[in-house]
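Take a look at the structure set out below.
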Amino acid sequence: MPEVMTREDVGRIAFSIRRRGYDPGEVHAVLERLARQLPAQDPGPGPARGA
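As structure tokens, this is what we get:
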């Protein structure tokens, strides 16, 4: 995993997780690390959640 994550890295990781079915504990640890690294953003008028 790269030291500094980009949106493209996150997309590739999410695709791999869905496709390969990784252990939920591992997935949670990776997502927690990403959440600490990514800058805070205003949610703004993005796509509706759950759509």
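For my numbering, add 1145 to where a residue sits in the sequence shown, where the first one is 1.
Virtual Cβ for every residue (Gly too), placed ideally from N, Cα, C.
- Cβ-Cβ distances below 6 Å link MET1150 to LEU1179, GLN1182 in the same chain, with the five nearest sequence neighbours on each side left out; the list follows chain order.
- Here GLY1166 carries a coil assignment [DSSP, helix/strand/coil].
- Between ILE1162 and VAL1155, the gap from beta carbon to beta carbon reaches 7 Å or more.
- Rounded to whole angstroms, the gap between the alpha carbons of GLY1170 and LEU1176 is 10 Å.
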